[in-house]
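Numbering (this note's numbering), first residue to last: -11 to 742. From the three backbone atoms N, C-alpha and C, an ideal C-beta is built for every residue, glycine too.
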C-alpha cells in the first residue's frame, strides 16, 4: 500500500489503489426513496389520512433522548476528570502505582463515527453502525477517553450517538432484542429513517455545543446529502429540544453534584466579554485565516499519513489475536505518554510569579439577578494584565490571604501571592477546560510562548495519532484547542509589539480575542460577521492544499461518497465541462436484466450469479424490441418474493386476494437465497413490483441506487450506479476523451423511460 500524499486541490479526485478499490467495491448502495411500484401505491391508498403531528412528536422524543444522553456524557466526563486529578495528586505524594485495563469491543464504535454517518446518509450501506451494542460501547468509550485526558473530544461521538438514538426510536423495533412494537410503524421505511437519522445527528451536535442553529446547519451542510425545506423546521425543533434538555440539566449538576443553579443556562465555547472590533482588524484576520488554513491542512495530512502507516503495519500482522492485542495497547500507550507529559512537563517549564487581588462577591447581571463570582484576579502592581482565579499551582506555591470581608456588597477580598504553572493550567483537566482558559479576555500575559508552543506541538501530534485508534473519539475539541493556541500566540505578538491597549479602538488586540478567532470551526454557528472573511480565507487556503478532513477520512476508509458534481481537471490544468458528455460515456454495460414474465428458476439463477443490488425489468414488444425497458426492481424485493410462494397466484385483482408484504418487510428483509433451494418452474409476473419512478433527475438528488440508460426506442443500453459517477471512475472512463477535443453531444442516449 503506497503512502500517497493528501495534499492537493479539494476539487482533485482521489485515486484509489487496487487494495482500496476492493474495499470500495465491498460496500453496497442504499435507495432512500421507497419503491414507487403498484404494490406500494396500493398500500398507500389503504393508509388513513394523517397529519404530521406524529413526525413532530418523534422529533421531540429524539431531541429529548439525545439531550438526556448528552447530559449523562457531560457529567461522567467531569466526574472522571475530577477523580483522575485527585488520584494524580495522591500518586505524586505517595509514589504508589496504578493499574490500567482496556477492553476491545464493537469495532463500529471506534472513531468519531462522522464519516460513517455521512457515507450512510449519502447512500452507502455500512454494517453495525446502528446497533445497540455500538451505542453502549460508543458512550462508555467516549466518556472514559475524554475524561482520562486523551487529546480527543466528545462532539463527534455525540453526532453518532444522536444518529443511533434516532435510528432506534423512529423504528420502535430492535433486531438485537428481537422485539417490534406497533407504534409508529409507518416510519419503517428508508426515507423516514434517513430523515430521523439526520435529525439525530443534528441534535447530537446541538447538545454538545448548546447551539441548535449550529446543529441544523451542520446536518444540512456536512452530514446529510438529501434535504427538504419542510425537514428544516422539524430538525430545528429536535435540536432545540436536545439543547434545552442538556443545558437545563447541566445547569444544575457538575459531576453529578448539585450546584444550586437550576435553570441558569450558560454559553459554551464563547467569550463573556465582548470587544469592539474596527476595520483595521480585517487584515490580521485575513492573515490568520491563511495561516489557519495551512495549519488545518497539515492536521488533515498528518492524520491521514498516520492512519496509512497504522494500516500498513496492521496488514503485516497475520495473527488475529495479536492484531487485537495491538489495538488494545495503542490507546494505553498514548494515555501513558500523555500522563507522563502532564505530570513532568509542568515542572520542566517552571513557575510564573503572581501577585493580585480578587473578590468572592457574586456578580450582578444587568437584569438584576446574581451570578457566580468573577474569574479575574486584578494585579496589585503597575501591570494591566489580569489572571484567572482558577489557574493551577501544581508544584508551585500559591497562597490566598483574606484582606477584609464585607458580605453586604464586596464579599471577601483575597490577596493572592506566589506562583502558578502555565503548563499545568492548560494540561490539567479536559480539552474543553483548556479552551476556556485560552478564550479568557484581559489576561494578556497569563500564558507564555513556551507553554503554548509546547502544548501546540504535543497536542497536534498526539491528537492526530489518537484519532485513528480503536476508541470513540472526536476531533472538534482538539481542533478548537489547536486553533486557540495558534490564535493566542498571534495575539501575544501584537501585545509584545504594541503593548496592552486601554483605548476601546484598539481593544481587539487581546490574546483571548485572537484565540477565539483562531478556532475557525466556531464561526459557522456565531453571528460575528466581522470575522467571516477570516473563515473564508481559511477555507480557501485549506481547499487549495488538501481535501476537507471528513471527506479525506471518507476516502481513507474507502467509503463510497457521491458529491453533488465531480470536477475533472485535464492535464493542461483546465476544467473539463461534463455537460459535453452523455450517459453512455460513464455507464456500465452489458446489463443483467430480469424479464417481466420470468420463471422462479431464472430469477434465482440471476441472484446467485451476481452481487448486483438492482435489475432493470424488460419485456418483449415484438421483433427488434426484445429488451424494452419497463422499470426496475431491487435484489431485496426479489429475495422477498422468493420467500412468498402465495404471491405467485394469478388473479385479476392481485392485491385484493393476496395479502401483500408490509413495505418495511421489503425495505429491511432478513433472509437469503440458498443454492440448495428447489427451483420452481412457475413464471412469476413482476409487473406488480416494478419501480416506475422517473429517473430523469440526478441520482444524488433523488437518492437513487442506480439509473438505467436506454435508447430512443427504450431498449436497455447500460446502467449508471453511484460508484460509476464518483470522480475517479468518471476520470478513468473519460481518459481517452480528456486528451482529445470532446465529441459532439449524441442524441441517441436518453436517461430513464421516455
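Which class does residue i belong to by DSSP, given the choice of helix, strand or coil?
i           : result
residue 179 : helix
residue 695 : strand
residue 617 : strand
residue 289 : helix
residue 406 : strand
residue 5   : coil
residue 722 : coil
residue 710 : coil
residue 452 : helix
residue 128 : helix
residue 155 : helix
residue 116 : coil
residue 700 : coil
residue 705 : strand
residue 62  : helix
residue 659 : Below a pLDDT of 50, predicted positions are generally treated as unreliable, and residue 659, at 36, falls in that range; the measurement from the model is reported next regardless. Residue 659: coil per DSSP, three-state reduction.
residue 23  : coil
residue 271 : helix
Give me the Cβ distance between residue i and residue j, rounded to the nearest whole Å; I'm assuming they're in contact under 8 angstroms.
i           : j           : result
residue 15  : residue 578 : The Cβ separation is near 23 angstroms, so there is no contact.
residue 404 : residue 452 : The pair is not a contact, with the Cβ atoms about 38 angstroms apart (cut-off 8 angstroms).
residue 23  : residue 622 : 7 angstroms
residue 214 : residue 182 : 7 angstroms
residue 409 : residue 384 : 5 angstroms
residue 694 : residue 707 : 6 angstroms
Apart from the five residues on each side of it in sequence, which residues of its chain come closer than 8 angstroms, Cβ to Cβ, to residue i?
i           : result
residue 607 : 583, 584, 585, 616 and 618
residue 126 : 94, 97, 101, 145, 148, 149, 152 and 460
residue 310 : none
residue 44  : 222 and 225
residue 609 : 616
So, are the CB atoms of residue i and residue j less than 8 angstroms apart?
i           : j           : result
residue 19  : residue 129 : no
residue 463 : residue 537 : yes
residue 11  : residue 287 : no
residue 109 : residue 186 : yes
residue 369 : residue 388 : no
residue 412 : residue 382 : yes
residue 712 : residue 574 : yes
residue 184 : residue 46  : yes
residue 498 : residue 433 : no
residue 386 : residue 373 : no
residue 139 : residue 454 : yes
residue 418 : residue 69  : yes
residue 506 : residue 230 : no
residue 624 : residue 107 : no
residue 66  : residue 198 : no
When you compare only the Cα positions, how much space is there between residue i and residue j?
i           : j           : result
residue 325 : residue 599 : 47 angstroms
residue 202 : residue 55  : 15 angstroms
residue 137 : residue 345 : 31 angstroms
residue 425 : residue 525 : 26 angstroms
residue 414 : residue 400 : 28 angstroms
residue 141 : residue 328 : 20 angstroms
residue 318 : residue 302 : 12 angstroms
residue 496 : residue 269 : 7 angstroms
residue 449 : residue 168 : 47 angstroms
residue 380 : residue 225 : 41 angstroms
residue 567 : residue 556 : 12 angstroms
residue 160 : residue 25  : 26 angstroms
residue 304 : residue 284 : 31 angstroms
residue 468 : residue 196 : 14 angstroms
residue 596 : residue 114 : 22 angstroms
residue 205 : residue 721 : 36 angstroms
residue 216 : residue 626 : 30 angstroms
residue 565 : residue 279 : 33 angstroms
To which residues of the same chain is residue i closer than 6 angstroms at the C-beta, ignoring the five residues directly before and after it?
i           : result
residue 8   : 546
residue -8  : In this predicted model, residue -8 has a pLDDT of only 43, less than 50, meaning its place in the structure is not dependable enough to derive any value.
residue 290 : 452
Within a Cβ cutoff of 7 angstroms, which residues of the same chain sit near residue i, ignoring the five residues on either side of it in sequence?
i           : result
residue 427 : 259, 472, 500, 503 and 504
residue 40  : none
residue 207 : 186, 189, 190 and 223
residue 1   : 554, 715, 716 and 719
residue 378 : 363
residue 295 : 456 and 544
Report yes if the C-beta of residue i is less than 7 angstroms from at least one heavy atom of the ligand MN; otherwise report no.
i           : result
residue 112 : In terms of ligand content, the structure shown is empty, and the ligand MN therefore cannot be addressed.
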